[in-house]
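The letter at position 90 of the sequence shown is residue 75 when you use the numbering used here, and the numbering goes up by one with no holes. Using N, Cα and C, we set each Cβ at its ideal position, and we do this for glycine too. Structure record follows, encoded as structure tokens.
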Amino acid sequence: PASFHLDQADYFNNEEMRRWAYVTIMRHPVDRIISHYFFASLPKRFPTILNWTHELPYYTQNYHTRIFSSQPKPTNPEQWHSVPTMNRIHYTQARDTLSHLSAVLVLERFKAGVPLLRKYLGLNIPGVPPHKNKAHSKVPTKKRITEEEYDELLRLNKLDMDLYRHAVAIHDCALQNLE
-14 PASFHLDQAD YFNNEEMRRW AYVTIMRHPV DRIISHYFFA SLPKRFPTIL
36 NWTHELPYYT QNYHTRIFSS QPKPTNPEQW HSVPTMNRIH YTQARDTLSH
86 LSAVLVLERF KAGVPLLRKY LGLNIPGVPP HKNKAHSKVP TKKRITEEEY
136 DELLRLNKLD MDLYRHAVAI HDCALQNLE
């Protein structure tokens, strides 16, 4: 969703658009937030991860639900502070969008999902090279914030967690259908 936003109501009804293959790779929502917080050196601007999540809810509170339900991105950074709260209606829209994509992969299971890329995109990927991003710490992300902070991030992203579980189910079902 980061490279192509679904902002047309008739997105999948458009004849031209139906000829394309749509693929997304979902990451665990809370792990995505934690990773971004440390990768972008946000502790320098926001003393805690919860300061950041409350200050900029667009990117930190149900972001996947926001994107996949075609909510417009605020054009002015000042608008990032006060975005609409996502609800079950948005979640249902996001879930429907995921269900219409050609392939849904899960980052934490990417290697297992490579056959889906082969099938839907025709990519002949022999294997997945190991990821060597030196920018990330060797310390697991859950250890870099408190348990209370992690629990609060889960609470703030309940819809995204539900959507992530749906993505995992789609991913696993698609892999089973390949067999």
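According to DSSP, residues forming a beta bridge with residue i
{"i": "Met11", "result": "Val91"}
Start-to-end residues for the alpha helix (DSSP H) that takes in residue i
{"i": "Arg51", "result": "48 to 53"}
{"i": "Leu138", "result": "132 to 141"}
{"i": "Thr45", "result": "42 to 45"}
Cut-off 8 Å between Cβ atoms - residues of its own chain near residue i, not counting five sequence neighbours on either side
{"i": "Trp37", "result": "Tyr22, Leu27, Arg30, Phe31, Thr45"}
{"i": "Thr126", "result": "Low confidence applies here, because Thr126 scores a pLDDT of 49, under 50, leaving its location unreliable; read the following figure in that light. Excluding positions up to five away in sequence, the list reads Asp16, Ile19, Ser20, Phe23."}
{"i": "Met71", "result": "Gln46, Asn47, Thr50, Arg51, Ser54, Gln56, Leu144"}
{"i": "His66", "result": "Glu40, Leu41, Pro42"}
{"i": "Leu90", "result": "Val8, Thr9, Ile10, Met11, Gly98, Leu101, Leu102, His156"}
{"i": "Met146", "result": "Pro14, Val15, Leu139"}
DSSP-derived helix/strand/coil call for residue i
{"i": "Thr126", "result": "Its pLDDT being 49, under 50, Thr126 is placed unreliably by the model, and the measurement read from it follows with that caveat. It is helical."}
{"i": "Met71", "result": "coil"}
{"i": "Ala108", "result": "Checking the displayed sequence, the identity of residue 108 turns out to be Leu instead of Ala. Correct three-state label for Leu108: coil."}
{"i": "Arg30", "result": "coil"}
{"i": "Ala196", "result": "In the structure displayed, the chain extends from -14 to 164; residue 196 sits before or after that span and is not available."}
{"i": "Leu101", "result": "helix"}
{"i": "Gln56", "result": "coil"}
{"i": "Glu63", "result": "helix"}
Close beta carbons around residue i, own chain, < 7 Å, minus the five adjacent residues each side
{"i": "Val15", "result": "Tyr135, Leu138, Leu139, Asn142"}
{"i": "Glu164", "result": "none"}
{"i": "Tyr105", "result": "Ala6, Val8, Ser87, Ala88"}
6 Å Cβ shell around residue i - same chain, five flanking residues per side excluded
{"i": "Ile165", "result": "Since the first residue of the chain shown is -14 and the last is 164, residue 165 is not available in this structure."}
{"i": "His121", "result": "In this predicted model, His121 has a pLDDT of only 45, less than 50, meaning its place in the structure is not dependable; the value taken from the coordinates is given anyway. The answer is none, since no qualifying residue turns up."}
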